[in-house]
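**Q**
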């Protein structure tokens with residue numbers, strides 16, 4: 102069941118993206134992020150899910166503002182995503198410019214014992 106759940110979550114995420122809006126073009130603002138944190142309380146209670154943030158970065162690539170656009174299943178995941186994105190730096194194809202992007206965090210509980218979480222980060226330009 103544990104192996105089936107991540108596959109179902111991935112399929113649900115992909116299908117919901119197809120149903121809601123057309124695909125957005127890829128961005129050249131590749132994020133460089135430090136270590137990301139999966140909240141222990143969420144791991145302990147097998148809370149998993151996605152959080153989408155709206156992020157503004159200055160010309161140097163530093164995050165100047167971040168807000169939860171689509172909340173996850175727990176405020177712990179929302180807080181971890183906001184905290185994590187503040188450690189990111191965004192490269193805008195080498196040219197300094199201000200960026201506005203959507204950052205999608207996915208929190209998955211990778212193993213039952215010991216509790217281990219996986220945090221993945223996806224990036225899309227704002228519509």
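Residue numbers (the working numbering): 102 to 228.
The beta-carbon is built from N, C-alpha and C at its ideal position, and this holds for glycine as well.
Determine which residues share a DSSP beta bridge with residue 139 and list them.
**A** According to DSSP, residue 139 bridges with nothing at all.
**Q** Following the continuous alpha helix (DSSP H) through residue 185, name the residue where it begins and the one where it ends.
**A** Note, residue 185: alpha helix (DSSP H), 176 to 186.
**Q** Looking only at DSSP bridge pairs, what is residue 149 linked to?
**A** Looking at the DSSP assignment, residue 149 forms no beta bridge with any residue, so it has no partner.
**Q** For the beta strand (DSSP E) containing residue 168, list its first residue and its last residue.
**A** Taken as a continuous stretch (DSSP letters only), the beta strand (DSSP E) holding residue 168 covers 164 to 171.
**Q** Can you find at least 3 beta carbon pairs, one from the segment 135 to 145 and one from the segment 157 to 166, that sit closer than 8 Å?
**A** No, the segment 135 to 145 does not touch the segment 157 to 166.
**Q** When the Cα atoms are used, what is the spatial distance from residue 223 to residue 147?
**A** So the alpha carbons of these two residues sit roughly 22 Å apart.
**Q** Exposed or buried, which one is residue 166 when buried takes at least 16 other CB atoms within 10 Å?
**A** Exposed, by the Cβ-count rule.
**Q** Please work out which residues of its chain come closer than 6 Å, Cβ to Cβ, to residue 191, disregarding the five sequence neighbours upstream and downstream, and give them in chain order.
**A** Only 130, 132, 158, 162 and 200 meet the Cβ criterion.
**Q** Please classify residue 207 as buried or exposed, where buried requires at least 16 other C-beta atoms within 10 Å of its C-beta.
**A** Answer is buried; the Cβ neighbour count reaches 16.
**Q** Among 153, 210 and 175, which one has its Cα closest to the Cα of residue 168?
**A** Ranking the options by Cα distance to residue 168, first place goes to 153.
**Q** Who are the Cβ neighbours of residue 179 in its own chain at under 7 Å, not counting the five residues just before and after it?
**A** Cβ neighbours of residue 179 beyond the five flanking positions: 152, 169, 172 and 173.
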